[in-house]
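Colleague: Here you go, one structure.
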Amino acid sequence: AFDRKSGDIAWKQDRNFKTPVEGDHGYATPLVIQHNGAESILVWGAEHLTIHNAADGAQVWQCGNFNPDENKLWPSIATPVIVGEHAVIAFGRNDRGIPRLHGVRLAGDGEVTDSAHAWLRDDVGTFVPSPVAYQKSVYLVRDRGQVECLDPATGKTIWKDALPKGRANYYASPLIAGDLLYAPREDGAVFVASIANGEFKLLTETDMGEPVIGSPVPTNGRILIRGNKHLFCIGAR
């Protein structure tokens, strides 16, 4: 952690875990959470989920056993999403037909591996796009455009549908705002679909004219999308 005024290192906490090849490759974003009444940092990487005190980085919680078969080439790319007391973590290689989707309870302290795993799905997941939470449900846009809505407490599918397929994959994480799901595809096609009342309806498809792998961001009633060469702003005139 860094001091935002000076740039000096405020604290540093090592996370030393032994993993198979590429298991220690981490791309997920840390999350600020409240854990047992204290501001904390949740970190996903090296096949372990850990929680740290935000003040000094001390590790207060740890959950492992996400890859008991020691599969190789399973980096941590998608950022976890938190709904209530559960974290939902997309892991495995959905791009190779071996996804893993984990539901983890964030209660307790210390080493909680044996008690924290709430559920596991081996038939659904994502490789790159992060799940997104909306109105107490979790939504996935999978690498080939499948859309799935799940219950974060049980992992059960509530409904599923699909965005249009193309030769390109979906690498950007989806955005949900105002009952609308925004999903860019790598080839520059950006799809907007309604998910109101639990029903999926594709509304628009827009060709940005260049590749898009950056995730859309909401700001002041508009959506920012970073393309390969340009920054686009989408909104009502």
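If you read the sequence shown in our numbering, its first letter stands for residue 2, the second for the next number, and so on. Just so it is clear, CB atoms sit at the ideal spot from N, CA and C, and this is done for glycine as well.
Would you mind stating whether Ala-88 and Leu-107 have Cβ atoms separated by less than 9 Å?
Modeller: Cβ distance < 9 Å, so Ala-88 and Leu-107 count as in contact.
Colleague: Would you kindly work out how many angstroms separate the C-alpha atoms of Pro-37 and Val-191, rounded to a whole number?
Modeller: As written in the sequence, residue 37 is Asn, which differs from the Pro given in the question. Asn-37 and Val-191: Cα-Cα distance of roughly 40 Å.
Colleague: Spatial neighbours of Phe-233 within its chain, please: C-beta separation below 8 Å, excluding the five flanking residues on both sides.
Modeller: Contacts found: Met-209, Leu-225, Ile-226, Arg-227.
Colleague: Express the C-alpha separation of Ala-119 and Val-129 in angstroms, rounding to a whole number.
Modeller: Their Cα atoms are separated by approximately 23 Å.
Colleague: According to DSSP, simplified to helix, strand and coil, what is Asn-54?
Modeller: It is a strand residue.
Colleague: Once you ignore the five residues that flank Tyr-135 on each side, which residues in its own chain have a CB closer than 7 Å to its CB?
Modeller: Here the set comprises Ile-177.
Colleague: Give the secondary structure of Asp-124 by DSSP, where H, G and I count as helix, E and B as strand, and everything else as coil.
Modeller: If DSSP states are grouped into helix, strand and coil, Asp-124 belongs with coil.
Colleague: Take the Cβ of Pro-153 as the centre, count every other Cβ of all protein chains shown within 10 Å, and call the residue buried at 16 or more, exposed below.
Modeller: By the 10 Å Cβ count, Pro-153 comes out buried.
Colleague: Would you list, in sequence order, the uninterrupted beta strand (DSSP E) runs of no fewer than 3 residues that lie entirely inside the segment 18 to 64?
Modeller: Complete beta strand (DSSP E) runs here, min 3: 32 to 36, 39 to 46, 49 to 54, 60 to 64.
Colleague: Could you round the C-beta distance between Ala-194 and Leu-182 to whole angstroms and report it? I think they count as a contact, below 8 Å.
Modeller: That belief holds up - the Cβ atoms of Ala-194 and Leu-182 are roughly 5 Å apart, short of 8 Å.
Colleague: Decide yes or no for the touch test of the segment 94 to 101 against the segment 46 to 62: beta carbon pairs closer than 8 Å, at least 3 of them.
Modeller: No, the segment 94 to 101 is not in contact with the segment 46 to 62.
Colleague: For Asp-162, report the span of its alpha helix (DSSP H) as first-last.
Modeller: Where Asp-162 is concerned, there is no enclosing alpha helix (DSSP H), although the beta strand (DSSP E) it sits in stretches over 158 to 163.
Colleague: Could you check what DSSP says for Ala-173 in three-state terms: helix, strand or coil?
Modeller: If DSSP states are grouped into helix, strand and coil, Ala-173 belongs with coil.
Colleague: For Ala-190, name the three-state secondary structure that DSSP assigns.
Modeller: Of the three classes helix, strand and coil, the one that applies to Ala-190 here is strand, per DSSP.
Colleague: Under 9 Å, do Val-148 and Asp-188 count as touching if we go by C-beta distance?
Modeller: No, Cβ-Cβ distance for Val-148 and Asp-188 is not below 9 Å.
Colleague: Can you tell which of Asn-72, Leu-32, Arg-16 has the C-alpha that lies nearest to the C-alpha of Glu-23?
Modeller: The shortest C-alpha separation from Glu-23 is found at Asn-72.
Colleague: Tell me the residue span of the beta strand (DSSP E) that contains Glu-131.
Modeller: Checking the sequence, you will find Ser at residue 131 rather than Glu. Premise fails: Ser-131 is in no beta strand (DSSP E) and is neither H nor E.
Colleague: Consult DSSP for Asp-70 and reduce its assignment to one of helix, strand or coil.
Modeller: Three-state DSSP puts Asp-70 in coil, outside helix and strand.
Colleague: Is Val-21 near Asn-68, with beta carbons less than 9 Å apart?
Modeller: This sequence places Pro at residue 21; Val is not what is there. Contact flag set, yes.
Colleague: Between Asp-96 and Thr-127, what straight-line distance do the alpha-carbon atoms span, to the nearest angstrom?
Modeller: The straight-line gap from Cα to Cα measures roughly 8 Å.
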